[in-house]
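Everything below concerns the one structure shown next.
Numbering (this note's numbering), first residue to last: 158 to 436.
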């Protein structure tokens, strides 16, 4: 099993690196917005934290979700292991359920103040590009892996479904954070299915009412169905202020500082729990 996990991990990593390179080149050739902050400083922080996360995850929970899929399959655990359904239906529905689970997780980390403190590391980026899709605190990475693994075990998702879902999730995070220029007309068509960069950029607005919208990562359906979809920002996409009001100094957002962001300052007014404002 360890050999299989290692091989599948290499597949995911190879696809992610290739897609990252493609989007990074697209950003250089045809960017959507002019970046206002130091790209070198941001990339050092964003790439540095993902390398740290990869190391810490490997030493702790590792490929936990994939392991749970193997375990459920071997022991007949989880919903789909009790239902006699065609394999393609089980794989498709598993991917859909996992994607909705990630949407719910994203809503929760904005709604619950203690989770928001950790998640706001992701939102402190003062510009947004392909590396922003990698900017997550290691605590959030570990908690997310445990949560996904619990969902996998509960529904008995097949190993192949988990692999495909992880590839889609990683690719979507890179795509919807990227600073690539897609025509407005094409973007509007794509949005009926996918979370586009313009759609997700609204979620990174410094305005709380915009930050608390467009939570989807892969498909736009969940935001539309759950009433969290926002079509356009208050300001034009090119004038949209990115980041959080409480964190505007990039000199205080280097790689070492990102690790202590959850423990710094007041809660602010971004969490849904308004009673926590100012704490």
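All residues carry an ideal CB built from backbone N, CA and C; glycine is no exception.
Bear in mind that the values here come from a model prediction, so they are computed numbers and not experimental data.
| field | Residues that residue 404 bridges to, as DSSP identifies them | value | Along the chain shown, one-based indexing puts residue 404 at 247. Residue 404 is bridged to 401.
| Within 7 angstroms: the Cβ of residue 409 and any heavy atom of the ligand HEM? | Judged by which ligands are present, the structure shown has none, so any question about the ligand HEM falls away.
| query | How should residue 297 be labelled, buried or exposed, when 16 other C-beta atoms within 10 angstroms of its C-beta is the threshold for buried? | reply | The residue given as residue 297 occupies position 140 in the chain shown. Residue 297 is buried by the Cβ-count criterion.
| Supposed close pair residue 372, residue 360 - CB separation, criterion 8 angstroms | Residue 372 sits at position 215 when you count from the first residue of the chain shown. Residue 360 sits at position 203 when you count from the first residue of the chain shown. The pair is a contact, with the Cβ atoms about 7 angstroms apart (cut-off 8 angstroms).
| task | State the DSSP-derived secondary structure class of residue 432, mapped to helix, strand or coil. | result | Sequence index remark: in the chain shown, residue 432 carries index 275 (1-based). Its pLDDT being 43, under 50, residue 432 is placed unreliably by the model, and nothing is read from it.
| task | Report buried or exposed for residue 356, applying the criterion of at least 16 other Cβ atoms within 10 angstroms of its Cβ. | result | The sequence position of residue 356 within the chain shown is 199, counting from 1. Looking at its Cβ environment, which holds 16 or more other Cβ atoms inside 10 Å, residue 356 is buried.
| query | What does residue 188 pair with, by DSSP beta-bridge criteria? | reply | As a position in the chain shown, residue 188 is number 31, starting the count at 1. Its beta-bridge partners are 337.
| said: What residue range does the alpha helix (DSSP H) around residue 351 cover? | reply: As a first step, residue 351 must be located in the chain shown, where it is residue number 194. Where residue 351 is concerned, there is no enclosing alpha helix (DSSP H), given that its DSSP letter is neither H nor E.
| said: So, with DSSP's three-state summary, where would you put residue 370? | reply: What you label residue 370 is simply residue 213 of the chain shown in a count that begins at 1. Here residue 370 sits in coil by DSSP.
| message | Rounded to whole angstroms, what is the Cα-Cα separation between residue 249 and residue 422? | response | Translated into the one-based positions of the chain shown, residue 249 becomes position 92. Translated into the one-based positions of the chain shown, residue 422 becomes position 265. The alpha-carbon atoms of residue 249 and residue 422 are separated by roughly 43 angstroms.
| field | Extent of the continuous alpha helix (DSSP H) run through residue 263 | value | As a position in the chain shown, residue 263 is number 106, starting the count at 1. That run of the alpha helix (DSSP H) goes 244-268.
| message | Pull the bridge partners of residue 376 from the DSSP assignment, please. | response | In the chain shown, the residue the question calls residue 376 occupies position 219. Per DSSP, 351.
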